[in-house]
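**Q** Have a look at the structure that comes next, please.
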Amino acid sequence: MKFLALSLLSLPVLVFASPVNIAERTLGQTGSYTVSGLGARKQQLLNCGATTLDLAIAMLETDRMSTDYTYGDGKSSDSANFGVFKQNWGMLRQSTARYKGKSAADYNTGAEMNSNLCLDISLRHESQNYFGEGTWFAGHRNGASGLSNPNTQDIQNYKDAVYWIRNQIEYYNGGADKTSDVRFWVNVVAI
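Number 173 in the numbering used here belongs to position 172 of the sequence shown; there are no gaps in the numbering.
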């Protein structure tokens, strides 16, 4: 076994630029850069119970992991998005006790997530527990059509991007980037 390990170490190493192939899928361009104050923001999320998966989703959605995007993400009704994860109202009202019984017309209620980070994180966890991780990603990415057709290439590309960011946060730089100012990104087509 030692011989095999030593022989593998002596092989030349090839380095490929993005896109990176993942099991017959292509991950878009990837990278990282520093955002002043992002480490403090990550710590705020962690203090509210965020996981590295949560950090990755928020990091993919906005540069500063914030809610300073257009109200509802420019959408209304069940398509309106709120919080650092840009969670859609349709899924929230299906999957969380707080919003059960609300209608699509009540979407403005979700705006409270924009100013209550701990609520936002708690509702994301509740929603994912309700749907399961794979279905949660499908609905998060494509709303009702994602929930009914969760296995599209676009949904898989989005999941791969989030998982790549999560892995960078957890494993690159010994995990120090959980609270550093480094933002990891993947070029994912906006929808």
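Virtual Cβ for every residue (Gly too), placed ideally from N, Cα, C.
Small disclaimer: the values here were computed from a predicted structure and weren't measured.
(1) Nearest CA to the CA of residue 75: which residue from 108, 174, 126 and 130?
(2) From what residue to what residue does the alpha helix (DSSP H) around residue 70 run?
(3) Which residue comes first and which comes last in the beta strand (DSSP E) that contains residue 32?
(4) Does DSSP classify residue 125 as helix, strand or coil?
(5) Between the C-alpha atoms of residue 97 and residue 154, what's the straight-line distance to the nearest angstrom?
(6) Check residue 184 in the structure and name its three-state DSSP category.
(7) Among residues of its own chain, excluding the 5 on either side of residue 125, which ones have a beta-carbon nearer than 7 Å to its beta-carbon?
(8) Give me the residue from 28, 36 and 30 with the minimum Cα distance to residue 178.
(9) Just list the alpha helix (DSSP H) runs in the segment 110–166, keeping only unbroken ones of 4 residues or longer that don't cross its boundaries, in chain order.
(10) Skipping 5 residues on each side, what residues in its chain have a beta carbon closer than 7 Å to that of residue 64?
(11) Where residue 100 and residue 68 are concerned, what is the direct C-alpha to C-alpha distance, given to the nearest angstrom?
**A** For this structure:
(1) 108
(2) From DSSP, residue 70 is part of no alpha helix (DSSP H); its letter is neither H nor E.
(3) 31–35
(4) helix
(5) 27 Å
(6) strand
(7) 55, 86 and 88
(8) 36
(9) 118–132 and 134–149
(10) 36 and 184
(11) 20 Å
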